[in-house]
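A short write-up of the structure that comes next.
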């Protein structure tokens with residue numbers, strides 16, 4: 128049985144009808160990636176909300192941060208693993224494979240990060256990620272102290288916390304809309 | 128033992144050092160509310176991230192939406208109840224009391240929304256809110272159909288989903304930073 | 128939509144039909160509190176069971192104990208928070224606010240006690256309360272040792288254990304009957 | 128390794144030092160049962176609390192009720208199964224075997240009540256018992272309606288609710304004190 | 128109401144129709160135990176699968192192992208307790224009582240192993256058993272180190288892990304088929 | 128940081144030291160697959176146990192069954208998804224991709240089977256798989272009836288139940304030993 132070919136169960140507007148700024152972004156995506164990420168298409172149902180989402184996404188994932196780009200993608204995937212979010216696991220799992228050049232690392236982040244070989248800083252980062260995602264009410268000074276012990280200062284904790292927080296948002300948008308990832312992601316860096 | 132007087136465990140910059148646009152917002156808050164919401168102060172550690180957060184917040188909570196302002200605040204509180212987020216329960220619980228003029232409704236949303244007397248549309252809205260927050264991976268067509276059955280169309284489902292998603296972000300920022308709400312909220316519309 | 132005005136979904140007898148001893152208690156409540164707590168009205172469906180409930184309640188909450196009256200109310204609220212019991216959170220949250228004179232402490236106990244500033248003895252007391260409520264089967268010598276380390280002797284552990292146990296009873300009576308708290312509680316000590 | 132021979136980890140007073148009324152009860156227990164139930168010994172650390180506990184226990188378990196004595200014991204065991212309470216499972220499991228004359232029924236109640244052959248009324252009674260014990264905050268009108276559909280009226284729901292509530296209390300007293308059941312229970316009606 | 132008298136909800140073939148090797152085993156069971164364990168009857172629906180199951184069972188439970196036969200049965204019961212598997216709790220609870228001669232030990236394993244008096248090696252063995260059963264994804268080097276600290280070498284960890292794994296299989300066969308244990312088990316070593 | 132290159136944290140014997148029958152299997156694996164599956168290497172620590180494991184595996188996964196080979200692999204992956212078992216998700220995810228020729232189907236089974244487009248029979252099969260894996264004690268006649276309604280007869284339910292049961296065993300062997308999958312699996316049918 129062929130798998131779903133919808134982008135979002137809430138429907139997606141015809142890209143030709145979008146505002147100029149969005150159409151420019153669509154075109155840039157096609158040039159750089161070969162496709163428009165489905166999360167943009169799905170979100171374009173409400174153009175201003177898409178703009179806000181992209182602004183936040185770009186700042187958290189691409190602007191300077193105490194976390195490397197690979198680490199931010201690792202966090203994205205571990206949040207999505209806890210939430211079993213298909214869209215984000217596929218899209219950001221591909222990003223981990225691409226940024227690390229390691230076809231296994233993305234799988235480990237997606238399936239169970241505890242099996243990966245990580246330095247203590249990254250392991251603490253992902254343990255915090257899991258706990259803040261699944262039981263945020265249990266986060267305590269002891270958890271922040273565990274991050275400090277492996278080198279996180281206040282700014283780094285802010286960056287980590289916001290990255291975790293952001294993917295808890297985007298996972299839920301994906302689940303609410305049954306968002307399907309672009310098929311291109313599946314082929315990225317498979318070893 | 129006097130309760131905590133920190134705003135965020137990650138520290139807060141001196142407001143006098145903030146950029147002009149943020150200082151203008153601070154001033155407007157003081158004029159309208161009598162205080163600057165602590166979430167702004169906590170987030171001002173990273174000014175651009177605060178700007179993105181405010182843009183998204185304002186669009187979701189204040190711009191036109193299929194949900195009334197009161198309903199959006201009810202959703203905010205129910206998400207925060209599931210995540211046991213002290214900051215958001217206090218701040219948005221006050222908003223529910225204020226917008227509804229009903230001192231009990233905010234308490235019910237915060238403590239257990241199932242005891243409230245709600246029309247079927249609002250009950251379905253909050254059941255979806257709880258499920259998308261606590262087990263997003265179980266959201267299915269049946270859940271979207273339950274919303275449709277009480278009058279939600281695609282755009283309304285988008286608005287509801289994004290409101291739920293956003294407070295799953297902000298709850299985690301509050302937990303990551305141990306954010307404390309302004310004391311003024313406690314006094315709002317207590318009956 | 129106006130909130131529920133029932134006392135118990137199982138119905139409540141006309142107070143005028145109650146036995147003399149209960150009517151005397153009703154009158155005393157009105158004199159001292161201004162109202163009869165709804166838990167008494169709800170329980171008066173079975174007068175002898177109400178008498179037993181009041182005897183146990185009075186002994187645990189008002190008689191000499193290793194816990195101060197405020198601490199007993201804090202325990203009551205934390206049990207009720209774990210069980211998300213609307214009635215007990217409202218009624219005993221008001222008691223925490225009243226006994227402490229601190230409008231925030233009751234909110235913290237109700238919403239997430241881990242954000243409160245507590246001395247080590249009270250924090251250990253509430254950690255035990257949460258664990259005995261949510262996973263009683265995991266209580267072990269290590270948990271009793273943690274209490275001893277902050278000054279609990281055998282009698283104090285008995286008092287703490289029984290207070291936790293009692294509110295696990297009363298939370299379930301409230302949930303079984305959908306008991307609604309008197310509206311007066313909402314206004315108590317709001318700062 | 129011989130199994131524990133303590134009665135309660137909080138210690139037990141010398142029975143000879145107890146008040147007359149309690150010593151009379153001790154003697155009656157020995158006459159009727161051949162032993163004093165350890166829950167009485169454990170609770171005698173605080174005599175007035177024991178008196179209240181016995182009053183409530185006797186009223187719920189022995190006085191007229193909409194539930195038969197066997198049904199009340201079945202409820203006791205199912206609550207204790209959900210809470211994995213060793214003391215109550217042993218003591219009340221024996222009571223189910225004795226009152227039913229069925230050596231398997233007590234085991235089924237203790238280990239997984241869903242495997243037992245029950246009439247619809249008893250199955251609904253135990254489903255309510257499990258839910259009110261494990262997730263009391265989810266109890267709703269639908270749950271009360273399910274009881275009504277199999278013949279429970281308001282008084283019967285009160286009796287059921289209070290029986291469930293009471294064993295949620297006594298399970299936690301047993302766990303808090305690591306109470307050990309009298310060995311005699313193990314031999315009762317084994318087939 | 129008499130308890131279920133089926134062996135498996137999927138039906139059981141007439142033993143007379145079984146292959147010679149199986150009939151020989153049936154006869155040996157009757158000679159040694161007085162009955163054919165119902166798990167064999169239930170599994171005989173697919174004879175080759177029964178042969179594989181028996182081969183694995185015999186090797187794990189009866190062949191040389193780093194765990195004593197009693198310890199293997201204790202592990203079997205604790206796995207089954209976590210999974211609330213009626214069949215295995217009854218059948219292997221009887222085995223614990225028989226091998227230990229201790230009528231309480233089997234009950235403790237079945238109802239809550241944490242109340243039993245165990246040496247540190249056995250307690251660590253059962254803590255590992257519980258964790259590998261309920262949250263296998265959290266098993267980490269720290270868990271293997273805890274076993275090493277009480278004397279488990281690699282071979283012993285293999286034996287323990289496979290015993291836990293095997294009963295996670297057999298518990299699910301029992302639940303899938305609603306397998307009922309032979310009534311004879313209930314009478315074994317009751318003290 | 129390069130990912131782990133161990134096969135099992137309990138160590139693996141030199142293949143040259145294995146018995147003739149096992150060495151023959153090793154050779155056949157190399158001929159057919161290009162490598163020896165790490166689960167065999169890990170299990171060869173105890174040769175007789177490996178033989179039993181292979182016999183059971185071959186019968187369940189390769190012998191005639193009411194489930195197609197692809198369906199058996201889908202069940203394997205969904206069990207492993209519930210248990211977050213890295214080894215089995217990688218190895219059997221590859222098998223789903225290979226047998227279906229669909230690079231997405233394996234990812235969906237591994238990450239969240241609810242997003243896949245399935246016919247009602249397969250969806251019911253996987254819902255049963257998930258429930259029997261995560262809460263076997265809740266399996267009831269209603270669950271078997273749901274399977275019957277989509278065409279499962281008794282023999283098919285046996286096959287399904289045993290497949291689920293078997294991967295609950297092998298997931299736990301993999302977690303107990305921190306078993307790493309062969310890297311070859313990652314490249315299979317990626318689209």
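Chains as they are written, first to last, in the numbering used here: chain L, 128 to 318; chain V, 128 to 318; chain G, 128 to 318; chain F, 128 to 318; chain X, 128 to 318; chain P, 128 to 318. Note that CB positions come from ideal geometry on N, CA and C, so glycine has one too.
Opening and closing residue of the alpha helix (DSSP H) in which residue i lies
i	result
residue 133 of chain P	That residue, residue 133 of chain P, is in no alpha helix (DSSP H); it is neither H nor E in DSSP.
residue 145 of chain P	Premise fails: residue 145 of chain P is in no alpha helix (DSSP H) and is neither H nor E.
residue 258 of chain P	247 to 261
residue 179 of chain G	174 to 189
Residue i (DSSP reduced to helix, strand or coil)
i	result
residue 228 of chain X	coil
residue 204 of chain X	helix
residue 278 of chain F	coil
residue 315 of chain V	coil
residue 162 of chain P	coil
residue 297 of chain V	helix
residue 268 of chain P	helix
residue 171 of chain F	coil
residue 197 of chain P	helix
residue 284 of chain V	helix
residue 241 of chain X	helix
residue 192 of chain F	coil
residue 310 of chain F	helix
Exposed unless 16 or more other CB atoms sit within 10 angstroms - verdict on residue i
i	result
residue 173 of chain P	buried
residue 195 of chain F	exposed
residue 185 of chain P	exposed
residue 143 of chain G	exposed
residue 299 of chain F	buried
residue 247 of chain L	exposed
residue 158 of chain G	exposed
residue 263 of chain V	buried
residue 276 of chain V	exposed
Expected contact under 8 Å - CB spacing of residue i and residue j to nearest Å
i	j	result
residue 238 of chain L	residue 211 of chain P	6 Å
residue 274 of chain G	residue 266 of chain G	Not really, about 11 Å apart at Cβ, beyond 8 Å.
residue 227 of chain L	residue 219 of chain L	The Cβ separation is near 12 Å, so there is no contact.
residue 316 of chain P	residue 225 of chain P	5 Å
residue 308 of chain V	residue 214 of chain V	5 Å
residue 176 of chain F	residue 289 of chain G	6 Å
residue 162 of chain L	residue 170 of chain L	Not really, about 15 Å apart at Cβ, beyond 8 Å.
Minimum C-alpha distance to residue i - residue among the options
i	options	result
residue 183 of chain P	P:294, P:243, P:232	P:294
residue 244 of chain F	F:135, F:231, F:156	F:231
residue 136 of chain X	P:271, P:221, P:209	P:271
residue 188 of chain L	L:133, L:287, L:128, L:142	L:287
residue 312 of chain X	X:250, X:242, X:160, X:278	X:160
residue 134 of chain G	G:150, G:165, G:149	G:165
residue 200 of chain X	X:162, X:240, X:163	X:240
residue 292 of chain G	G:249, G:204, G:278, G:236	G:204
residue 278 of chain P	P:263, P:301, P:250, P:257	P:250
residue 252 of chain X	X:153, X:283, X:222, X:151	X:283
residue 301 of chain X	X:141, X:156, X:167	X:167
residue 126 of chain V	L:269, L:304, L:297, L:296	Outside the displayed span of chain V (128 to 318) sits residue 126 of chain V, for which this structure offers no information.
residue 148 of chain V	V:297, V:178, V:223, V:222	V:178
residue 285 of chain L	L:229, L:191, L:152	L:191
**Prompt:** Which of the residues in the region 218 to 248 of chain V, read from start to end, lie with their CB under 8 Å from any CB of chain C?
**Reply:** This model lacks chain C altogether; the protein chains it does include are L, V, G, F, X and P.
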